[in-house]
Amino acid sequence: MRPLKTPDAPDSSAAGAAAAALSEEQRARGRRLAIASHPAGMTFAMAFTQYLPTLALVSLGASETLVGLQSGLSFGARLLQLPTLRAMARASKRAILLRGHVAALAASAPLLFFGYLGELGPGIALAIVFASLVLTSGGVAVSEAVWFPLLRAYVEPERIGHFFGLIRSGWHFTLILFFAGCTLWLAEHEGSFGPLFAVAWALGVLRIVLIVRLPERDERTGERIRIREALALMRDPLLRRYLIGVTWSAAVRHSVIPFAIVMLRREVGFSSAEVIYTTMAVFAGGLVSLYPWGRVVDRFGAEPVFRLSALGLGALYLTLLWVREPGALVLAAMIAFFFTYSVFSAGFALADTRLLFELTPPDAPARTLILAGVVSAVFSGIAPILCGVVLDRLLTVAAEPLPVYHGFFALAALAQVLSFLPLRVFGRPS
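Residue 318 in numbering that gives the first Met the number 0 sits at position 319 of the sequence shown; the count goes up by one each step and never skips.
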(Lines of atoms letter the chains of each structure in order from A; the text may use other names.)
(Lines give C-alpha, C1' and ligand atoms only; values in the text may rest on other atoms or scores of the structure.)
Protein backbone atom coordinates (compact mmCIF):
# COMPACT_ATOMS: atom_id res chain seq x y z
CA MET A 0 0.00 0.00 0.00
CA ARG A 1 1.49 3.32 -1.03
CA PRO A 2 1.96 6.12 1.55
CA LEU A 3 -0.01 9.29 1.01
CA LYS A 4 1.65 12.16 -0.82
CA THR A 5 1.48 14.80 1.84
CA PRO A 6 3.09 18.09 2.83
CA ASP A 7 4.21 16.54 6.11
CA ALA A 8 7.91 17.21 5.66
CA PRO A 9 8.93 20.67 4.46
CA ASP A 10 11.64 20.62 1.77
CA SER A 11 14.40 22.29 3.74
CA SER A 12 17.70 21.13 5.07
CA ALA A 13 16.69 22.17 8.59
CA ALA A 14 13.55 20.09 8.35
CA GLY A 15 15.52 17.14 7.05
CA ALA A 16 17.98 17.35 9.91
CA ALA A 17 15.21 17.72 12.45
CA ALA A 18 13.49 14.62 11.13
CA ALA A 19 16.64 12.50 11.19
CA ALA A 20 15.83 8.88 11.89
CA LEU A 21 16.39 7.46 15.36
CA SER A 22 19.27 5.05 15.86
CA GLU A 23 18.48 1.38 16.32
CA GLU A 24 19.39 1.68 20.00
CA GLN A 25 16.96 4.61 20.42
CA ARG A 26 14.20 2.75 18.59
CA ALA A 27 14.70 -0.32 20.79
CA ARG A 28 14.63 1.85 23.92
CA GLY A 29 11.48 3.53 22.67
CA ARG A 30 9.79 0.18 22.15
CA ARG A 31 10.77 -1.00 25.63
CA LEU A 32 9.55 2.16 27.35
CA ALA A 33 6.32 2.20 25.34
CA ILE A 34 5.55 -1.41 26.24
CA ALA A 35 6.43 -0.79 29.91
CA SER A 36 4.48 2.46 30.30
CA HIS A 37 1.37 1.65 28.30
CA PRO A 38 -0.34 -0.65 30.86
CA ALA A 39 -0.32 2.07 33.52
CA GLY A 40 -1.38 4.74 31.04
CA MET A 41 -4.23 2.74 29.57
CA THR A 42 -5.51 1.65 32.98
CA PHE A 43 -5.68 5.31 33.97
CA ALA A 44 -7.34 6.33 30.69
CA MET A 45 -9.87 3.47 30.67
CA ALA A 46 -10.81 3.93 34.33
CA PHE A 47 -11.63 7.60 33.78
CA THR A 48 -13.15 7.52 30.28
CA GLN A 49 -14.84 4.15 29.64
CA TYR A 50 -16.56 1.44 31.67
CA LEU A 51 -16.10 2.59 35.28
CA PRO A 52 -17.52 6.10 34.68
CA THR A 53 -20.58 4.54 33.03
CA LEU A 54 -21.32 2.46 36.14
CA ALA A 55 -20.55 5.41 38.41
CA LEU A 56 -22.99 7.65 36.54
CA VAL A 57 -25.70 4.97 36.57
CA SER A 58 -25.23 4.62 40.34
CA LEU A 59 -25.99 8.36 40.63
CA GLY A 60 -29.16 8.02 38.52
CA ALA A 61 -27.85 9.40 35.23
CA SER A 62 -30.18 9.29 32.21
CA GLU A 63 -29.45 7.49 28.94
CA THR A 64 -28.73 10.89 27.37
CA LEU A 65 -26.05 11.64 29.96
CA VAL A 66 -24.59 8.14 29.57
CA GLY A 67 -24.45 8.68 25.81
CA LEU A 68 -22.73 12.03 26.31
CA GLN A 69 -20.17 10.44 28.62
CA SER A 70 -19.54 7.64 26.13
CA GLY A 71 -18.85 10.19 23.41
CA LEU A 72 -16.66 12.47 25.52
CA SER A 73 -13.31 10.86 24.80
CA PHE A 74 -14.08 10.93 21.08
CA GLY A 75 -15.35 14.49 20.93
CA ALA A 76 -12.34 15.64 22.92
CA ARG A 77 -10.15 14.52 20.03
CA LEU A 78 -10.95 17.84 18.36
CA LEU A 79 -8.33 19.26 20.71
CA GLN A 80 -5.76 17.32 18.71
CA LEU A 81 -6.03 19.78 15.82
CA PRO A 82 -4.60 22.73 17.80
CA THR A 83 -2.17 20.22 19.34
CA LEU A 84 -0.95 19.49 15.81
CA ARG A 85 -0.14 23.18 15.36
CA ALA A 86 1.77 23.18 18.66
CA MET A 87 3.97 20.38 17.37
CA ALA A 88 5.74 22.85 15.05
CA ARG A 89 7.50 24.30 18.09
CA ALA A 90 7.03 21.90 21.02
CA SER A 91 8.45 18.41 21.28
CA LYS A 92 6.06 15.46 21.15
CA ARG A 93 7.36 14.20 24.50
CA ALA A 94 6.60 17.56 26.17
CA ILE A 95 3.05 17.55 24.77
CA LEU A 96 2.57 13.97 25.93
CA LEU A 97 3.62 14.86 29.48
CA ARG A 98 1.61 18.07 29.69
CA GLY A 99 -1.58 16.43 28.46
CA HIS A 100 -1.15 13.53 30.86
CA VAL A 101 -0.52 15.81 33.85
CA ALA A 102 -3.60 17.87 32.92
CA ALA A 103 -5.70 14.68 32.85
CA LEU A 104 -4.40 13.69 36.28
CA ALA A 105 -5.33 17.09 37.72
CA ALA A 106 -8.80 17.05 36.14
CA SER A 107 -9.61 13.54 37.37
CA ALA A 108 -8.57 14.20 40.99
CA PRO A 109 -12.14 15.09 42.20
CA LEU A 110 -13.29 11.55 41.37
CA LEU A 111 -10.99 10.21 44.07
CA PHE A 112 -13.57 11.62 46.49
CA PHE A 113 -16.56 10.02 44.76
CA GLY A 114 -18.08 8.84 48.06
CA TYR A 115 -18.17 12.35 49.45
CA LEU A 116 -19.63 13.75 46.24
CA GLY A 117 -22.65 11.47 46.61
CA GLU A 118 -23.45 13.15 49.92
CA LEU A 119 -23.94 16.48 48.11
CA GLY A 120 -27.03 15.15 46.33
CA PRO A 121 -27.39 13.46 42.94
CA GLY A 122 -27.73 16.70 40.97
CA ILE A 123 -24.56 18.34 42.32
CA ALA A 124 -22.67 15.05 42.28
CA LEU A 125 -23.57 14.39 38.63
CA ALA A 126 -22.48 17.92 37.66
CA ILE A 127 -19.10 17.61 39.38
CA VAL A 128 -18.45 14.09 38.10
CA PHE A 129 -19.41 14.97 34.54
CA ALA A 130 -17.30 18.16 34.56
CA SER A 131 -14.32 16.15 35.82
CA LEU A 132 -14.83 13.55 33.09
CA VAL A 133 -15.02 16.26 30.41
CA LEU A 134 -11.73 17.85 31.46
CA THR A 135 -10.03 14.48 31.92
CA SER A 136 -11.03 13.44 28.42
CA GLY A 137 -9.50 16.65 27.10
CA GLY A 138 -6.17 15.97 28.79
CA VAL A 139 -6.12 12.37 27.59
CA ALA A 140 -6.90 13.49 24.02
CA VAL A 141 -4.03 16.00 23.96
CA SER A 142 -1.65 13.36 25.32
CA GLU A 143 -2.82 10.73 22.83
CA ALA A 144 -2.33 13.13 19.90
CA VAL A 145 1.41 12.50 19.91
CA TRP A 146 1.39 8.84 20.98
CA PHE A 147 1.08 7.27 17.52
CA PRO A 148 3.58 9.71 15.92
CA LEU A 149 6.05 8.74 18.67
CA LEU A 150 5.47 5.01 18.14
CA ARG A 151 5.70 5.35 14.36
CA ALA A 152 9.42 6.09 14.74
CA TYR A 153 10.05 2.94 16.81
CA VAL A 154 8.40 0.18 14.76
CA GLU A 155 9.63 -1.66 11.66
CA PRO A 156 7.10 -1.53 8.77
CA GLU A 157 6.97 -5.31 8.36
CA ARG A 158 6.30 -5.87 12.09
CA ILE A 159 3.57 -3.30 12.77
CA GLY A 160 0.95 -5.92 13.64
CA HIS A 161 3.42 -7.85 15.80
CA PHE A 162 4.44 -4.75 17.78
CA PHE A 163 0.92 -3.50 18.42
CA GLY A 164 -0.28 -6.99 19.27
CA LEU A 165 2.42 -7.14 21.93
CA ILE A 166 1.94 -3.65 23.37
CA ARG A 167 -1.83 -4.01 23.54
CA SER A 168 -1.62 -7.46 25.12
CA GLY A 169 0.31 -5.91 28.01
CA TRP A 170 -2.32 -3.37 28.92
CA HIS A 171 -5.14 -5.84 28.44
CA PHE A 172 -3.52 -8.12 31.02
CA THR A 173 -3.14 -5.21 33.44
CA LEU A 174 -6.75 -4.15 32.98
CA ILE A 175 -7.94 -7.70 33.68
CA LEU A 176 -6.18 -7.53 37.04
CA PHE A 177 -7.55 -4.04 37.69
CA PHE A 178 -11.15 -4.94 36.92
CA ALA A 179 -10.85 -8.22 38.85
CA GLY A 180 -10.01 -6.05 41.84
CA CYS A 181 -12.95 -3.79 40.98
CA THR A 182 -15.28 -6.81 41.00
CA LEU A 183 -14.11 -7.97 44.42
CA TRP A 184 -14.40 -4.46 45.84
CA LEU A 185 -17.85 -3.65 44.41
CA ALA A 186 -19.23 -7.03 45.50
CA GLU A 187 -18.68 -5.87 49.10
CA HIS A 188 -19.02 -2.10 48.60
CA GLU A 189 -21.76 -1.44 46.01
CA GLY A 190 -21.46 2.07 44.59
CA SER A 191 -18.08 2.80 46.24
CA PHE A 192 -16.05 3.92 43.21
CA GLY A 193 -13.65 6.35 44.92
CA PRO A 194 -10.97 3.79 45.90
CA LEU A 195 -11.04 2.29 42.40
CA PHE A 196 -10.48 5.68 40.81
CA ALA A 197 -7.63 6.23 43.32
CA VAL A 198 -5.80 3.08 42.20
CA ALA A 199 -6.08 4.06 38.53
CA TRP A 200 -4.94 7.60 39.36
CA ALA A 201 -1.83 6.25 41.12
CA LEU A 202 -0.98 4.23 38.00
CA GLY A 203 -1.34 7.42 35.98
CA VAL A 204 1.26 9.07 38.20
CA LEU A 205 3.56 6.06 37.76
CA ARG A 206 3.40 6.44 33.99
CA ILE A 207 5.13 9.82 34.16
CA VAL A 208 8.35 8.18 35.38
CA LEU A 209 8.53 6.08 32.20
CA ILE A 210 7.33 8.39 29.44
CA VAL A 211 9.65 11.22 30.44
CA ARG A 212 12.53 9.18 28.94
CA LEU A 213 10.90 8.35 25.59
CA PRO A 214 13.10 9.15 22.58
CA GLU A 215 11.48 10.96 19.69
CA ARG A 216 12.03 11.69 16.04
CA ASP A 217 11.86 15.45 16.06
CA GLU A 218 9.40 16.97 13.58
CA ARG A 219 9.80 20.57 14.75
CA THR A 220 10.57 22.92 11.89
CA GLY A 221 9.69 26.27 13.43
CA GLU A 222 7.26 26.74 10.55
CA ARG A 223 3.60 27.16 11.29
CA ILE A 224 1.57 23.99 10.73
CA ARG A 225 -1.70 24.90 9.06
CA ILE A 226 -4.68 22.72 9.84
CA ARG A 227 -5.95 23.17 6.28
CA GLU A 228 -2.80 21.39 5.06
CA ALA A 229 -3.79 18.38 7.11
CA LEU A 230 -7.39 18.58 5.93
CA ALA A 231 -6.11 18.65 2.34
CA LEU A 232 -5.14 15.01 2.84
CA MET A 233 -8.85 14.20 2.58
CA ARG A 234 -8.52 14.65 -1.18
CA ASP A 235 -6.81 11.26 -1.32
CA PRO A 236 -9.51 8.68 -2.27
CA LEU A 237 -7.89 5.83 -0.33
CA LEU A 238 -7.72 7.86 2.87
CA ARG A 239 -11.37 8.88 2.44
CA ARG A 240 -12.49 5.26 2.08
CA TYR A 241 -10.35 4.25 5.05
CA LEU A 242 -11.85 7.00 7.23
CA ILE A 243 -15.43 6.26 6.20
CA GLY A 244 -15.05 2.55 6.90
CA VAL A 245 -13.24 2.70 10.24
CA THR A 246 -15.41 5.60 11.49
CA TRP A 247 -18.61 3.78 10.54
CA SER A 248 -17.47 0.62 12.31
CA ALA A 249 -16.27 2.49 15.40
CA ALA A 250 -19.53 4.44 15.65
CA VAL A 251 -21.52 1.22 15.90
CA ARG A 252 -19.13 -0.46 18.34
CA HIS A 253 -18.96 2.57 20.62
CA SER A 254 -22.76 2.82 20.68
CA VAL A 255 -23.50 -0.82 21.47
CA ILE A 256 -21.28 -1.43 24.49
CA PRO A 257 -22.32 1.42 26.86
CA PHE A 258 -26.02 0.73 26.31
CA ALA A 259 -25.50 -3.01 26.68
CA ILE A 260 -24.01 -2.19 30.09
CA VAL A 261 -26.94 0.11 30.95
CA MET A 262 -29.45 -2.55 29.89
CA LEU A 263 -27.76 -5.22 32.00
CA ARG A 264 -27.50 -2.97 35.05
CA ARG A 265 -30.76 -1.05 34.92
CA GLU A 266 -33.29 -3.21 33.05
CA VAL A 267 -32.09 -6.80 33.40
CA GLY A 268 -31.04 -6.33 37.02
CA PHE A 269 -27.37 -7.29 37.32
CA SER A 270 -25.28 -5.70 40.09
CA SER A 271 -22.28 -3.46 39.41
CA ALA A 272 -19.93 -6.28 40.42
CA GLU A 273 -21.60 -8.68 37.97
CA VAL A 274 -21.36 -6.14 35.17
CA ILE A 275 -17.64 -5.73 35.90
CA TYR A 276 -17.24 -9.43 35.08
CA THR A 277 -18.27 -8.58 31.52
CA THR A 278 -15.72 -5.76 31.45
CA MET A 279 -13.01 -8.21 32.48
CA ALA A 280 -14.11 -10.41 29.61
CA VAL A 281 -13.45 -7.54 27.19
CA PHE A 282 -9.82 -7.35 28.19
CA ALA A 283 -9.46 -11.13 28.39
CA GLY A 284 -10.64 -11.38 24.79
CA GLY A 285 -8.08 -8.82 23.72
CA LEU A 286 -5.32 -10.48 25.72
CA VAL A 287 -5.70 -13.91 24.11
CA SER A 288 -6.29 -12.64 20.58
CA LEU A 289 -4.12 -9.56 20.02
CA TYR A 290 -0.83 -11.34 19.40
CA PRO A 291 -2.34 -13.91 16.98
CA TRP A 292 -4.25 -11.13 15.22
CA GLY A 293 -1.00 -9.21 14.81
CA ARG A 294 0.60 -12.15 13.02
CA VAL A 295 -2.50 -12.60 10.83
CA VAL A 296 -2.61 -8.91 9.89
CA ASP A 297 1.10 -8.83 9.02
CA ARG A 298 0.75 -11.92 6.83
CA PHE A 299 -2.61 -11.44 5.08
CA GLY A 300 -3.20 -7.69 5.28
CA ALA A 301 -6.06 -5.64 6.68
CA GLU A 302 -9.00 -6.33 4.34
CA PRO A 303 -9.74 -9.98 5.31
CA VAL A 304 -9.68 -9.02 8.99
CA PHE A 305 -12.04 -6.07 8.38
CA ARG A 306 -14.49 -8.39 6.63
CA LEU A 307 -14.41 -11.09 9.31
CA SER A 308 -14.78 -8.56 12.13
CA ALA A 309 -17.77 -6.81 10.56
CA LEU A 310 -19.65 -10.06 9.95
CA GLY A 311 -18.73 -11.52 13.33
CA LEU A 312 -19.75 -8.45 15.32
CA GLY A 313 -23.00 -8.06 13.41
CA ALA A 314 -23.99 -11.65 14.21
CA LEU A 315 -22.89 -11.21 17.82
CA TYR A 316 -25.12 -8.19 18.50
CA LEU A 317 -28.18 -10.24 17.60
CA THR A 318 -27.59 -12.48 20.62
CA LEU A 319 -28.49 -9.51 22.88
CA LEU A 320 -32.09 -9.88 21.73
CA TRP A 321 -32.44 -12.95 23.96
CA VAL A 322 -31.30 -11.21 27.17
CA ARG A 323 -34.33 -10.63 29.37
CA GLU A 324 -33.68 -11.50 33.03
CA PRO A 325 -30.72 -12.06 35.38
CA GLY A 326 -29.34 -15.46 36.24
CA ALA A 327 -26.15 -17.50 36.24
CA LEU A 328 -26.62 -18.74 32.68
CA VAL A 329 -27.40 -15.27 31.34
CA LEU A 330 -24.36 -13.84 33.13
CA ALA A 331 -22.18 -16.56 31.61
CA ALA A 332 -23.65 -15.79 28.18
CA MET A 333 -22.92 -12.08 28.63
CA ILE A 334 -19.35 -12.80 29.67
CA ALA A 335 -19.00 -14.86 26.48
CA PHE A 336 -20.59 -12.01 24.48
CA PHE A 337 -18.13 -9.39 25.74
CA PHE A 338 -15.20 -11.78 25.29
CA THR A 339 -16.14 -12.47 21.66
CA TYR A 340 -16.82 -8.79 21.03
CA SER A 341 -13.31 -8.02 22.20
CA VAL A 342 -11.74 -10.69 19.97
CA PHE A 343 -13.34 -9.25 16.83
CA SER A 344 -12.68 -5.64 17.91
CA ALA A 345 -9.01 -6.42 18.61
CA GLY A 346 -8.59 -7.82 15.11
CA PHE A 347 -10.28 -4.78 13.57
CA ALA A 348 -8.12 -2.39 15.60
CA LEU A 349 -4.86 -4.04 14.54
CA ALA A 350 -5.94 -4.11 10.89
CA ASP A 351 -6.90 -0.44 11.26
CA THR A 352 -3.49 0.49 12.71
CA ARG A 353 -1.51 -1.43 10.10
CA LEU A 354 -3.46 0.08 7.20
CA LEU A 355 -3.14 3.60 8.64
CA PHE A 356 0.61 3.19 9.08
CA GLU A 357 0.87 1.92 5.49
CA LEU A 358 -0.92 5.06 4.29
CA THR A 359 1.34 7.31 6.39
CA PRO A 360 4.72 8.74 5.29
CA PRO A 361 7.27 7.42 7.83
CA ASP A 362 9.50 10.52 7.88
CA ALA A 363 6.83 12.93 9.24
CA PRO A 364 3.63 11.09 10.12
CA ALA A 365 1.96 13.52 12.53
CA ARG A 366 -0.46 15.24 10.14
CA THR A 367 -1.89 12.04 8.70
CA LEU A 368 -2.10 10.18 12.02
CA ILE A 369 -3.69 13.06 13.92
CA LEU A 370 -6.12 13.93 11.13
CA ALA A 371 -7.27 10.32 10.85
CA GLY A 372 -7.61 9.99 14.62
CA VAL A 373 -9.60 13.22 14.96
CA VAL A 374 -11.99 12.51 12.08
CA SER A 375 -12.67 8.94 13.18
CA ALA A 376 -13.02 9.78 16.88
CA VAL A 377 -15.22 12.86 16.52
CA PHE A 378 -17.70 11.37 14.08
CA SER A 379 -17.85 7.99 15.80
CA GLY A 380 -18.20 9.79 19.14
CA ILE A 381 -21.33 11.57 17.97
CA ALA A 382 -23.09 8.21 17.50
CA PRO A 383 -23.49 7.17 21.19
CA ILE A 384 -24.68 10.69 22.04
CA LEU A 385 -27.41 10.55 19.39
CA CYS A 386 -28.30 7.00 20.38
CA GLY A 387 -28.63 8.07 24.01
CA VAL A 388 -30.99 10.91 23.10
CA VAL A 389 -33.14 8.65 20.91
CA LEU A 390 -33.25 5.87 23.51
CA ASP A 391 -34.24 8.38 26.19
CA ARG A 392 -37.18 9.56 24.10
CA LEU A 393 -38.30 6.05 23.18
CA LEU A 394 -38.06 4.76 26.74
CA THR A 395 -40.33 7.53 28.02
CA VAL A 396 -43.18 6.37 25.79
CA ALA A 397 -42.52 2.61 25.68
CA ALA A 398 -44.61 0.30 27.83
CA GLU A 399 -41.61 -2.05 28.25
CA PRO A 400 -37.99 -0.88 28.06
CA LEU A 401 -36.37 -4.14 26.93
CA PRO A 402 -37.97 -4.20 23.43
CA VAL A 403 -36.55 -0.71 22.85
CA TYR A 404 -33.03 -1.93 23.63
CA HIS A 405 -33.53 -5.07 21.55
CA GLY A 406 -34.63 -3.05 18.52
CA PHE A 407 -31.60 -0.83 18.92
CA PHE A 408 -29.23 -3.81 18.95
CA ALA A 409 -30.88 -5.33 15.87
CA LEU A 410 -30.31 -2.12 13.90
CA ALA A 411 -26.75 -1.97 15.19
CA ALA A 412 -26.10 -5.48 13.89
CA LEU A 413 -27.13 -4.47 10.37
CA ALA A 414 -25.08 -1.27 10.49
CA GLN A 415 -22.01 -3.18 11.67
CA VAL A 416 -22.13 -5.62 8.75
CA LEU A 417 -22.55 -2.80 6.21
CA SER A 418 -19.57 -0.90 7.64
CA PHE A 419 -17.25 -3.20 5.69
CA LEU A 420 -18.40 -1.88 2.30
CA PRO A 421 -16.04 1.16 2.09
CA LEU A 422 -13.08 -1.02 3.14
CA ARG A 423 -13.43 -3.61 0.37
CA VAL A 424 -11.10 -1.60 -1.86
CA PHE A 425 -8.09 -2.49 0.29
CA GLY A 426 -8.34 -6.11 -0.76
CA ARG A 427 -7.60 -5.17 -4.38
CA PRO A 428 -4.17 -4.70 -5.92
CA SER A 429 -2.77 -1.16 -5.51
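C-beta: ideal position from N, C-alpha, C; glycine also.
Please read these numbers as outputs of a predicted model, since none were measured by experiment.
Rounded straight-line distance, which links the Cα of residue j to that of residue i
i	j	result
F282	V57	22 angstroms
G372	R77	8 angstroms
G180	A88	42 angstroms
S145	A90	Position check: residue 145 holds Val in this sequence, whereas Ser was assumed. In a straight line, the C-alpha of V145 is about 11 angstroms away from that of A90.
P148	F129	30 angstroms
V304	A350	6 angstroms
V198	R423	43 angstroms
G426	A348	17 angstroms
L358	L59	44 angstroms
L370	L81	8 angstroms
W170	L289	11 angstroms
W247	V374	11 angstroms
V396	Q69	24 angstroms
A280	H37	20 angstroms
L413	E157	34 angstroms
A103	S271	25 angstroms
A27	Y153	7 angstroms
T64	I275	22 angstroms
C386	P109	28 angstroms
A106	A201	14 angstroms
L185	S191	7 angstroms
R294	R306	17 angstroms
R151	L368	9 angstroms
F112	G193	5 angstroms
Start and end residues, alpha helix (DSSP H) containing residue i
i	result
Q25	E23 to T48
F178	I159 to E187
P82	Q80 to A86
T64	E63 to G75
Y404	P400 to L417
P236	P236 to V261
A105	K92 to S107
L195	G193 to I210
E302	E302 to L317
L111	Taken as a continuous stretch (DSSP letters only), L111 belongs to no alpha helix (DSSP H), as it is neither H nor E.
DSSP state of residue i mapped onto helix, strand, coil
i	result
M333	helix
V145	coil
Y340	helix
P52	helix
F269	coil
G190	coil
L59	coil
E215	coil
A397	coil
P121	helix
E155	coil
L150	helix
P325	coil
R431	Missing from the structure shown is residue 431; the chain here goes from 0 to 429 and no further.
A126	helix
L355	helix
Presumed contact (8 angstroms Cβ cut-off) between residue i and residue j, rounded CB distance
i	j	result
G137	P383	Not quite, the Cβ-Cβ distance comes to about 18 angstroms (not below 8 angstroms), so this is no contact.
I159	F356	5 angstroms
S254	A411	6 angstroms
K92	E215	5 angstroms
L320	F408	6 angstroms
I318	G284	It is worth fixing the name first, because residue 318 is Thr in this sequence and not Ile. Not really, about 15 angstroms apart at Cβ, beyond 8 angstroms.
G99	V377	Incorrect: roughly 17 angstroms between the Cβ atoms, too far for contact.
R206	G40	5 angstroms
F163	T352	5 angstroms
is_contact[residue i, chain B] using C-beta, thresh 8 angstroms
i	result
W200	Going by chain labels, chain B is absent from the structure shown, which holds only one protein chain.
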